[in-house]
């Protein structure tokens, strides 16, 4: 049996944490320059706001492409993600997803994991009547550096503590000072600056080690 959880809320990044994909890169497989922009932002070398709109402007994803990305997220779930989220929810832990990804796609993965739509924060994307790309919510804090921290700070009055954050990128690390513990998930991509600054690091290609951090060793 599992012990009482050490954390009452667990926040997950999506790309390269719950899924092996970087969503915009997946949409941009014919645009290698987009991957370079993503990596620079995730390493913290350039502000996210410098590349977010540029990437989407290059890709211009249609409604159908974003819907397909949601299914790709499900198909590329990190091993142990489903079991980990289920165990957390069953123990009464509040689980949220906070992502700079496109909300319609991230919600598909969250629903598959049993996470409510209201517990997902991501960037809205807009389409014309025929499904063509028509822009994104440029006012979203999640489309700029420091935005995840701002969103989590806004959540603090309603989230039970202690709070654990799990993510792989520089934008996730920005949350460290406003939560109780930050876990770098390096099972898909190990970003040296993030790993070095984390309270804990999961290097396995699985999220199951997170359960030991939350519950301790099984009796």
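In my numbering, the protein residues as written are 867 to 1085.
Here a beta-carbon is modelled for each residue, glycine too, at the ideal position from N, C-alpha and C.
Asked, Found
"Report the residue from 990, 994, 963 and 996 whose alpha carbon sits nearest the alpha carbon of residue 981.", "963"
"In three-state terms, what does DSSP make of residue 863?", "Absent from the structure is residue 863, since the part of the chain shown begins at 867 and ends at 1085."
"Please list the terminal residues of the continuous beta strand (DSSP E) segment that includes residue 908.", "From DSSP, residue 908 is part of no beta strand (DSSP E) but of the alpha helix (DSSP H) over 898-908."
"Using only CA atoms, which one of 972, 910, 954 and 898 lies nearest to residue 885?", "972"
"Taking C-alpha atoms, which residue in 1059, 1023 and 883 lies nearest to residue 939?", "883"
"Excluding five sequence neighbours on each side, which residues of the same chain lie with their C-beta closer than 7 Å to the C-beta of residue 925?", "890, 893, 894, 897 and 900"
"Tell me, which residues are paired with residue 987 by DSSP?", "964"
"Would you mind sorting residue 1073 into buried or exposed? The rule is 16 or more other CB atoms within 10 Å of its CB.", "buried"
"If residue 915 and residue 1009 are in contact, beta carbons under 8 Å, what's the gap, nearest whole angstrom?", "6 Å"
"Which value, in whole angstroms, describes the spacing of the CA atoms of residue 951 and residue 1032?", "12 Å"
"Assign residue 912 to one of three DSSP states: helix, strand, or coil.", "coil"
"Helix, strand or coil for residue 1047 per DSSP?", "strand"
"Counting pairs of beta carbons, one from the region 871-880 and one from the region 992-1009, are three or more of them closer than 8 Å?", "no"
"DSSP on residue 942, reduced to helix/strand/coil?", "coil"
"Please list the segments of the beta strand (DSSP E) lying wholly inside the region 988-1067, counting only runs of 3 or more residues, in order along the chain.", "991-993, 999-1002, 1029-1033 and 1047-1051"
"Exposed or buried, which one is residue 1071 when buried takes at least 16 other CB atoms within 10 Å?", "exposed"
"Among 1012, 1026, 943 and 1022, which one has its Cα closest to the Cα of residue 1035?", "1012"
"Quick one: what does DSSP say residue 1085 is sitting in, helix, strand or coil?", "Residue placement at residue 1085 cannot be trusted, given a pLDDT of 49 that sits under 50; what the coordinates show is reported in the next sentence. Of the three classes helix, strand and coil, the one that applies to residue 1085 here is coil, per DSSP."
"Residue 928 to residue 956, Cα distance in whole Å?", "36 Å"
"Less than 8 Å between the beta carbons of residue 1162 and residue 990, yes or no?", "Since the first residue of the chain shown is 867 and the last is 1085, residue 1162 is not available in this structure."
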